[in-house]
Each structure stands twice: as C-alpha cells, then as structure tokens.
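Contents: one structure, followed by commentary.
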Amino acid sequence: MTPTEVVVTGTNPGTHPVLESWEWTIPAYLFIGGLVAGLMIFGGVIRLRAEHRLPKAIVLLDWLGLPILGAGLVLLWLDLANRWNAWRFFTTFRWTSAMSWGSWILLVTGIVLTLRLAARAQGAAGRIRLLGRVRPLLRWAGRVVDRFQTAVDVATIVLGIALGLYTGVLLSQIAARPLWDSAFLAPLFLVSGIATGGAFLCLFLDGRQHRLLAPVSIGACGVEIALLTGYLVTAGVGFVTGDPAAELLLTGDYAPAFWGLVVGAGLIVPLLIEITELVRRHVPALLARTAPTLKLVGGAALRFVVVFAGLETVL
Amino acid sequence: MTRYAMAVDVDRCLGCEACLVACSVENRLPLGSHRLRIRETATGAFPDVTVEFRVEQCFHCAEAPCVGVCPTGATFKTDDGIVLVDPDRCTGCKACVTACPYGMRYVHPRGYVDKCTFCEHRRGTGRDPACVETCPAGARVFGDLDDPDSPVSEAIAAADRVDVLFPNTDAEPSLFYLNARLVNTLAETAPATVTGGEHG
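Top to bottom, those sequences are chains U and B. The first sequence runs 165 to 479 under the numbering used here. The second sequence runs 41 to 240 under the numbering used here.
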C-alpha cells in the first residue's frame, strides 16, 4: 500500500474531520417525536374503534401527549444555534425541506393535542383551582372535541403518522450522509415510534389490557425487524462509500450499541417475552414490565445510533 | 445568464495559505473560524513522492443540497449562481451543515451558518474574490462560466485535466480543479493531521 500523509489546515470546530453538527438533543427529540406519534396513533385508533377495554390509553394520550411533545420541542429548540430566530420556521413553508414540513406538522399536532388536553382538563377544572380560571376555554375545547370527535380522532391518527414519518425523512432527505440515504428510514422510524408508543402505554396498563395490545406490539416488532433489514441492505447504495457506511453499524464502532441495544434489547428480547405472554397467558409482572422498558431503550438507541453513525459517514 | 465559478490550477498551487489568511481578513472571520480549507496530500515513497494541495471552500453547487433543506429560506441561490446565507433568517438548525457533501459550512459564533460567498460584497466593484486577488502563484481564477472569454472559462479550456470534487453527489459544483493528479483518487477518510488554529 502506498504511504499517504494528509495535513488539513483551516478547519472549523465540529465540522472536520468528523461532523458533529447535531448533538444528543436531536436523536432524543427524534425518539420523543416517534413516541408521541405512536401514542397518537394508538389513542386515535382505540377511540375510533370504541375499544372500551382500553380507556387508559386515551386518557394517557390526552394528558401526556402535549407535555411529552413539548419536552421534545424544548430539545429541538436547544439545538438551534440562533434560538431567538426559531419563529422564522413559521414565516414560510418550503416544500423541499423536511424540516419545514416538520415545523408545520409539529404546530398542527400541538394544536390538536392542546385541544385534547384542554377537553380532558375540563373535568378536572373543579378540583384544580388554577384551571378554574380558564374554565370557559376548557369548556369550549370540550364542546369542540365532543362535537367533532371523529374528525379529531382521524386528525390525531393522520398527524401521528405524519410526525412518525417526518422524523425519518428528516434524515433520509440528506443524501450527503450515506447511512441516512435509504427509503426505509422513514417507515422504520414510524413503526419504531408505534412500537415505543405502545410500549409506553403498556407501562401503565394491567396484565389483561397488556395482553390486548400484545398482538399489535408483536406485529410492530416483526415489521420493524423487516424494515431494519431492508434499511441495512439499502443504506448507502449508489454511493462509493455505501458499504463502509453500513459496516459502521454492523461491525464498526456502533456495532455493540446496534446489536446489543437496538436489535437484542429493543426487538428480540421483548418479542420473546411478548410471545411467551401471549401463549402462556401469564408471565411474572416484572417480566411483563421489562418488555416495554426494553422497547423504549431500543427505540431511543436506534435514533442515537443512526444519527451519530450517520454523521460519521461521508461520500 | 451569468454563472460565477472558480477554478484552481492545482499544478500552480504552492500551499502557501495566503488565500486562507486573505479570506479571514477580508471577511473579518472570528479567530478559529475558516471559510477555506487546504488539504495537503503527500503520497508515495522517496524518490517517487507526489504532493498536492487541494483548496476547499463552498463549491456554490448548481444543484446545491443545502438550499433545498433550509427550512426558512435563509440559504438561497442568487441569479448568478452564488449560494448565500441570510444571517437574519438563519435559525442555526444546521440542516445545511449536515447536508453539505463537502463539509464547507460551519456555525458562526454569532449563531448563524457561515461559508464562502465568493466575496459577494465585491461584486460590482470589478474586484475578484480576496483569495483570487491574493494568490501569489496565480493558481486561482474567477469569472462567469457562461462567458467563453472569462478568465475561468479560458483556464478550464486550456487545462489538460479538469476535475470536480465528488462528482457522484450530482451537486454540480462550481469550483473546478485544473491539472490535478490526486483529486478523487484517494479515500477522503485517510488519516489526516488537522491543523486549524493558526490562521484566523
């Protein structure tokens, strides 16, 4: 091999030789966005189907949807280098920019979740003094949600799907990073969001309700494994460094986190626990709680691994 | 239609870094920030050694990926093909930094994304960009790519070999390397010694 020496002068911090433009706040936000998307899809579908055996799922969506999304938005805002210019996102719509689509999806999602939270808070207005002052507003929100219940639920599901997909498109739009350049990334993040949203709900449900969600949860795991396989096969295709990009996950620095947390802890182990639970109809409570917890860990790890490994890949 | 472009005759480049310094001074860049980068590659074993300097800056791509991903329109393309950033509209979301296949954008300490402008503020004064004006070897030329009599068009026509960096990106960069031997031939991920702080 010919010896080669390279000296680079004139670099900027965080851009060379490895790009570090996005820090932990972005994958954390992508995880939270996916989680909220999953909650919205579950909550919307459960209410539309009038599934009375799972009332807690809708209550959780209504109470927690907005605060969790808000936490994600704070992370997103913290990542901006010019935070006081954040309002600029809402002065224009640029159809070529996934981030612009995301800004408007987040805005409409925030409005729908606020409406749902306000309608839910109506019932608590008598008990919480602070809410009493805004009771007319809450009553109005409650009337809107009651009157347009089906439309609100359909909007919740559609926005949930849009939110889940957008978190993947945000990365897959960037062709300069071979590891992100895959059409599988958006559906993968959506299905992973549904799985983590379901897992989050399972943490609050009893054994009987848990079993109702198990088939959906198992299905989501199966689809996620298929999409993950498709993603690994296609990531970086068409680019000269395509293979090294995928190798970064499979055998490189990110392999332990990818195989251990994303695949093992996040997919395989929960899948085995849930299948056992479905077949034997009973597993110890601790084990039943372990599966959703691992899924949440795996969902978060997926975003962290894909974002950070992707930043390291160059054309 | 005007399409501004730059060409660097790699055969002439001395690696003196005068362009790097001129750019920093002309654009009053803060200490430690750079719009230009110089990659010195030495390959081979004595006595068959090849050394080449590759200057890198915003490539003002015809199909600039950074323009499409910008959510606020802060990054835009002028009618004469120059990609610019409006600091007042920039949120510092870094989508463009991530999307640039050349890694030529950085976050200015004031919170907006910064990069080479081909010294856009000099347009209309008849002066070339500072890096072109200051190059002691005359390795850099600038002009209108659509004008066959412009310095850049003539230099490209006269060159034995013309390259663009990473042609597989389909970005159609407007910075051309003339008479280069190592451009696109070595892995970009080759271990590099980075020296970034001495100019500013």
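All C-beta atoms, glycine included, are put in the ideal place defined by N, C-alpha and C. Keep in mind it's a predicted model, so treat the numbers as computed, not measured.
Same chain only: Cβ atoms within 6 Å of residue i, ignoring 5 sequence neighbours per side
i, result
"L460 (chain U)", "T360 and A363"
"D51 (chain B)", "N219"
"P213 (chain B)", "F99, C101 and V204"
"T175 (chain U)", "none"
"R280 (chain U)", "D226"
"V182 (chain U)", "E476"
"A47 (chain B)", "V181, V192, A195, I196, F216 and L218"
"T255 (chain U)", "none"
"F86 (chain B)", "none"
"Y418 (chain U)", "L412, V469 and A473"
Cβ neighbours of residue i in the same chain (closer than 7 Å, five flanking residues each side left out)
i, result
"S193 (chain B)", "G183, L185 and D187"
"V426 (chain U)", "G462, A465, L466 and V469"
"V202 (chain B)", "I196, F216 and L218"
"C159 (chain B)", "E66, P169 and A170"
"S356 (chain U)", "G198, E388, G463 and L466"
"A339 (chain U)", "D345"
"E187 (chain U)", "D243"
"I122 (chain B)", "Y44, H100, T157, F158 and E160"
"T209 (chain B)", "P141"
"V433 (chain U)", "L458"
"R384 (chain U)", "Residue identity differs from the one stated: residue 384 (chain U) is Ala in this sequence, not Arg. Taken in chain order, the residues that qualify are V355, I358, A359 and G362."
"E184 (chain U)", "G178 and L475"
"W241 (chain U)", "R247 and A250"
For residue j and residue i, the rounded distance between their alpha carbons
i, j, result
"I232 (chain U)", "R445 (chain U)", "32 Å"
"A473 (chain U)", "L412 (chain U)", "7 Å"
"R284 (chain U)", "R303 (chain U)", "10 Å"
"E481 (chain U)", "L431 (chain U)", "Since the displayed chain U opens at 165 and closes at 479, residue 481 (chain U) lies outside it and no answer follows."
"C106 (chain B)", "V125 (chain B)", "10 Å"
"D154 (chain B)", "N249 (chain U)", "16 Å"
"R341 (chain U)", "V478 (chain U)", "6 Å"
"V170 (chain U)", "Y395 (chain U)", "33 Å"
"A452 (chain U)", "G371 (chain U)", "8 Å"
"R77 (chain B)", "T83 (chain B)", "19 Å"
"A421 (chain U)", "T118 (chain B)", "44 Å"
"H148 (chain B)", "K134 (chain B)", "11 Å"
"P351 (chain U)", "G266 (chain U)", "15 Å"
"W251 (chain U)", "V471 (chain U)", "25 Å"
"F116 (chain B)", "L335 (chain U)", "21 Å"
"R163 (chain B)", "P176 (chain B)", "22 Å"
"L349 (chain U)", "L343 (chain U)", "10 Å"
"Q455 (chain U)", "V447 (chain U)", "Note that residue 455 (chain U) is Ala in the sequence shown here, rather than Gln. Distance between the alpha carbons of A455 (chain U) and V447 (chain U): 11 Å."
"L367 (chain U)", "L436 (chain U)", "17 Å"
"R258 (chain U)", "R217 (chain U)", "43 Å"
"V404 (chain U)", "V223 (chain B)", "Model confidence at V404 (chain U) stands at a pLDDT of 40, short of 50, so the residue's coordinates are unreliable; what they give is reported in the following sentence. Cα-Cα distance, rounded: 15 Å."
"L392 (chain U)", "V172 (chain B)", "49 Å"
"L365 (chain U)", "V238 (chain U)", "23 Å"
"F253 (chain U)", "T189 (chain U)", "18 Å"
"P207 (chain B)", "A62 (chain B)", "28 Å"
"L224 (chain U)", "L450 (chain U)", "21 Å"
Nearest-angstrom beta carbon gap, residue j and residue i [assumed within contact, 8 Å]
i, j, result
"V113 (chain U)", "V309 (chain U)", "Summary: the structure shown does not reach residue 113 (chain U), with chain U confined to residues 165 through 479, and so no result is reported for it."
"K120 (chain B)", "T174 (chain B)", "Here residue 120 (chain B) turns out to be Asp, not Lys, going by the sequence shown. Contact doesn't hold; Cβ gap of about 22 Å is too wide."
"N246 (chain U)", "Y146 (chain B)", "Contact doesn't hold; Cβ gap of about 14 Å is too wide."
"A282 (chain U)", "L301 (chain U)", "7 Å"
"C156 (chain B)", "Q97 (chain B)", "4 Å"
"A409 (chain U)", "V333 (chain U)", "Not a contact, Cβ separation roughly 18 Å."
"L323 (chain U)", "V397 (chain U)", "Actually they are not in contact, since the Cβ atoms of L323 (chain U) and V397 (chain U) sit about 31 Å apart, beyond 8 Å."
"R221 (chain B)", "V172 (chain U)", "Not a contact, Cβ separation roughly 18 Å."
"D49 (chain B)", "A179 (chain B)", "5 Å"
"A211 (chain B)", "E103 (chain B)", "5 Å"
Any non-hydrogen atom of the ligand SAM within 6 Å of residue i CB
i, result
"L431 (chain U)", "The ligand SAM is not among the ligands present in this structure, which contains no ligands whatsoever."
Same chain, Cβ closer than 8 Å to residue i, five either side skipped, listed in chain order
i, result
"G240 (chain B)", "Confidence in G240 (chain B) is poor, its pLDDT being 40 and thus under 50, which makes the residue's placement unreliable; the coordinate value appears in the next sentence. S64, L69, P70, L71, G72, S73 and H74, listed in sequence order."
"L442 (chain U)", "R375, A378, P379 and I382"
"A235 (chain U)", "I196"
"R150 (chain B)", "P127"
"V230 (chain U)", "Residue identity check: residue 230 (chain U) is Leu in the sequence provided, not Val. Here the set comprises G274, L277, T278, R280 and L281."
"T168 (chain U)", "none"
"G402 (chain U)", "Note on G402 (chain U): pLDDT 39, under 50, position unreliable in the model; the coordinate value appears next. If we look at G402 (chain U) and ignore the five residues flanking it on each side, its Cβ neighbours are D345."
"K220 (chain U)", "L365, F368, L369 and Q373"
"E438 (chain U)", "A378, S381, I382, C385 and A455"
Within-7 Å CB hit, residue i to chain D
i, result
"Y217 (chain B)", "The displayed structure is made up of protein chains U and B, and chain D is not among them."
Inset, instruction - Assess, as a yes-or-no matter, whether the stretch 373 to 387 of chain U is touched by the stretch 322 to 332 of chain U under the definition of 3 or more beta carbon pairs within less than 8 Å. - result: no
Inset, instruction - Answer yes if the stretch 105 to 112 of chain B comes into contact with the stretch 85 to 94 of chain B, meaning at least three C-beta pairs across the two stretches below 8 Å, and no otherwise. - result: no
Inset, instruction - Please confirm if the stretch 131 to 142 of chain B is in contact with the stretch 52 to 63 of chain B, defined as three or more CB-CB distances below 8 Å between the two stretches. - result: no
Inset, instruction - Go through the stretch 179 to 239 of chain U residue by residue and report every complete run of the alpha helix (DSSP H) that reaches 4 residues or more, in order. - result: 189 to 212
Inset, instruction - Would you list, in sequence order, the uninterrupted alpha helix (DSSP H) runs of no fewer than 4 residues that lie entirely inside the stretch 89 to 169 of chain B? - result: 105 to 109 and 135 to 139
Inset, instruction - Only counting runs of 4 or more residues, tell me where the alpha helix (DSSP H) segments fall wholly within the stretch 281 to 335 of chain U, in order along the chain. - result: 293 to 296 and 299 to 311
Inset, instruction - At 4 residues or longer, and completely inside the stretch 349 to 403 of chain U: list those alpha helix (DSSP H) runs for me, N to C. - result: Counting whole runs of 4 or more residues, the stretch 349 to 403 of chain U contains the alpha helix (DSSP H) stretches 349 to 366 and 371 to 398.
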